[in-house]
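Whatever position you read off the sequence shown (first residue = 1), add 74 for our numbering.
C-beta atoms are modelled at their ideal positions from N, C-alpha and C, and glycine is treated no differently.
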Amino acid sequence: MAAHDVVVIGAGPAGSTAAYRLARAGARVLLMDKARFPRDKPCGGGVTVRAARLLPFSIDPVVEDVVDRIACGLDFGPQFERRSSGPLAYMTQRKRLDHFLLEQAIEAGAEVRLETTVDARELDADFVVGADGCNGASAKQLGLGGGIVHGVALEANYPHEPRFARAMVLEIAVIRGGYGWIFPKGDHLNVGVGGNASEGPKLRTALRRMCEAYGFDPDAAVERRGYRLPMRTAATRLVHGNAAVIGDAAGLVDPFSGDGMYEAFLSAQLVAEAILAGDLASYADGVARRIGPLASAGWGAKRAFERFPRTTFALARLPVTFRALEKLLRGELGHPGAARGMERGAIGLIYAVSRVS
Ligand SMILES: Cc1cc2nc3c(=O)[nH]c(=O)nc-3n(C[C@H](O)[C@H](O)[C@H](O)COP(=O)(O)OP(=O)(O)OC[C@H]3O[C@@H](n4cnc5c(N)ncnc54)[C@H](O)[C@@H]3O)c2cc1C
75 MAAHDVVVIG AGPAGSTAAY RLARAGARVL LMDKARFPRD KPCGGGVTVR AARLLPFSID
135 PVVEDVVDRI ACGLDFGPQF ERRSSGPLAY MTQRKRLDHF LLEQAIEAGA EVRLETTVDA
195 RELDADFVVG ADGCNGASAK QLGLGGGIVH GVALEANYPH EPRFARAMVL EIAVIRGGYG
255 WIFPKGDHLN VGVGGNASEG PKLRTALRRM CEAYGFDPDA AVERRGYRLP MRTAATRLVH
315 GNAAVIGDAA GLVDPFSGDG MYEAFLSAQL VAEAILAGDL ASYADGVARR IGPLASAGWG
375 AKRAFERFPR TTFALARLPV TFRALEKLLR GELGHPGAAR GMERGAIGLI YAVSRVS
């Protein structure tokens with residue numbers, strides 16, 4: 075008999091929540107991470123309501139602000155603001171969120187080994203789940219992954235300013251294939267820019283422009299860090315034999331928003347369900363069904379904003395588009411293609427723009 079039913083490599087949002095679900099169901103789970111916790115991870119720390127709703131427990135203890143307002147600009151030109159009648163996203167710091175998620179996995183019964191760099195080929199388990207993020211080696215070691223396209227992002231923290239409380243600032247097209255953001259935390263603001271990998275050399279200037287445009291000192295930055303955003307393609311292999319990859323290790327970051335925590339939580343849920351059903355191969359179908367349509371929509375929005383920023387921005391600022399976005403962020407709409415009525419019309423126009431040659 076193998077020493078464990080499942081070994082999970084990496085205790086980020088994907089790994090810890092997979093371990094939580096498996097341990098809760100009675101599996102003998104070993105969760106391993108090379109880091110000592112609490113540890114940080116370059117990330118805006120924005121958990122959409124849609125993502126939080128996937129979790130079987132509340133993340134309230136680590137929520138530092140609740141966003142119900144979006145201020146959206148186009149490359150420091152036209153701007154609009156929309157307010158929702160309820161929360162859209164919870165603002166967390168990854169250092170605290172990931173530690174909290176790890177504690178939930180431990181409480182559920184997962185055995186945890188930290189400060190241990192794992193080689194996925196040397197494990198004694200019935201199932202192996204690679205959740206070691208976009209720089210992890212498990213996918214390659216397990217003969218998985220491949221075909222992943224990378225984006226890049228740079229972020230830093232700045233002194234808190236009350237005018238940004240409860241608001242998410244998104245400045246589209248400040249960088250090709252992406253946007254800049256300002257996210258409010260309990261005692262600071264997280265500001266970042268992200269986009270296509272080819273934009274790497276422009277990130278520092280773009281981050282400085284974000285600060286100047288929104289009226290704070292670019293030199294007040296602390297903890298400035300860059301990191302990659304992995305996006306899978308049709309060639310990316312998610313499962314083989316008794317092994318699977320989830321979260322960033324599987325390249326599940328949304329191509330437009332750059333968010334990956336929803337996908338991390340959902341892929342963790344799907345892999346746990348597949349393992350518990352004794353049918354790991356069904357995990358890939360689950361990802362195709364539940365995450366595939368969102369990723370396609372993300373590629374469409376990214377293409378539309380890249381090629382026709384003004385037209386796409388004009389469509390995005392329509393109140394009806396915000397209603398669809400609101401439903402998406404709250405998890406009331408599975409993916410943009412599932413919108414109905416006027417909302418479907420507005421989304422359809424953005425798709426149409428993305429397809430214009
Ligand atoms: C700048 C930036 C901003 C972002 N902002 C947001 C946001 O606001 N909202 C959002 O939803 N997403 C955001 N994302 C994406 C999000 O950070 C990722 O999608 C998310 O962290 C994926 O979680 P994960 O568990 O798959 O991987 P990770 O969080 O990367 O965790 C992987 C874990 O594996 C461990 N590990 C690696 N190698 C090994 C090994 N060999 N052995 C053992 N352990 C190992 C690491 O120590 C780490 O703890 C952002 C990304 C970036 C770069």
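Check whether residue i and residue j have beta carbons under 8 Å apart
i: I249; j: G269; result: yes
i: F339; j: L162; result: no
i: F131; j: L176; result: no
i: G260; j: E138; result: yes
i: L96; j: V80; result: yes
i: L407; j: A420; result: no
i: V226; j: R302; result: yes
i: A295; j: Y232; result: yes
i: M165; j: G120; result: yes
i: L171; j: I133; result: yes
i: A324; j: A92; result: no
i: D107; j: L228; result: no
i: P329; j: G372; result: yes
i: R299; j: P116; result: yes
i: L403; j: T122; result: yes
i: G374; j: Y425; result: yes
i: V437; j: P304; result: Only positions 75 to 431 of the chain appear in the structure, and residue 437 is not among them; the question remains open.
i: I246; j: F379; result: yes
i: D142; j: R157; result: yes
i: A125; j: Y288; result: no
i: S212; j: I349; result: no
DSSP-derived helix/strand/coil call for residue i
i: F257; result: strand
i: Y232; result: strand
i: V243; result: strand
i: G415; result: helix
i: H173; result: helix
i: A76; result: coil
i: L427; result: The displayed chain sequence assigns Val, not Leu, to residue 427. Note: V427 maps to helix in three-state DSSP.
i: R250; result: coil
i: A309; result: coil
i: A184; result: coil
i: A280; result: helix
i: G408; result: coil
i: I161; result: Before going further, note that residue 161 is Pro rather than Ile in the sequence given. P161: coil per DSSP, three-state reduction.
i: G89; result: helix
i: G266; result: strand
i: G274; result: helix
i: G422; result: helix
Min CB distance residue i to chain E below 8 Å
i: D293; result: The structure shown contains no chain E, having only a single protein chain.
Taking three-plus beta-carbon pairs below 8 Å as touching, is the stretch 235-242 in contact with the stretch 353-365?
no
Whole alpha helix (DSSP H) elements within the stretch 318-405, 4-residue minimum:
335-350, 356-364, 366-381, 383-390, 393-404
Does the stretch 193-207 come close enough to the stretch 319-333 to have 3 or more Cβ pairs within less than 8 Å?
yes
Length-filtered (3 minimum) beta strand (DSSP E) runs lying within the stretch 91-154
103-106, 120-122, 139-141, 143-148
Three CB pairs or more closer than 8 Å across the stretch 98-108 and the stretch 169-189
yes
Would you call the stretch 188-199 in contact with the stretch 150-165, where contact means no fewer than 3 C-beta pairs closer than 8 Å?
no
Any 3 or more C-beta pairs closer than 8 Å across the stretch 358-372 and the stretch 380-395
no
Any 3 or more C-beta pairs closer than 8 Å across the stretch 279-291 and the stretch 241-256:
yes
Mind listing, in chain order, the continuous alpha helix (DSSP H) runs of no fewer than 4 residues lying wholly within the stretch 186-229?
212-215
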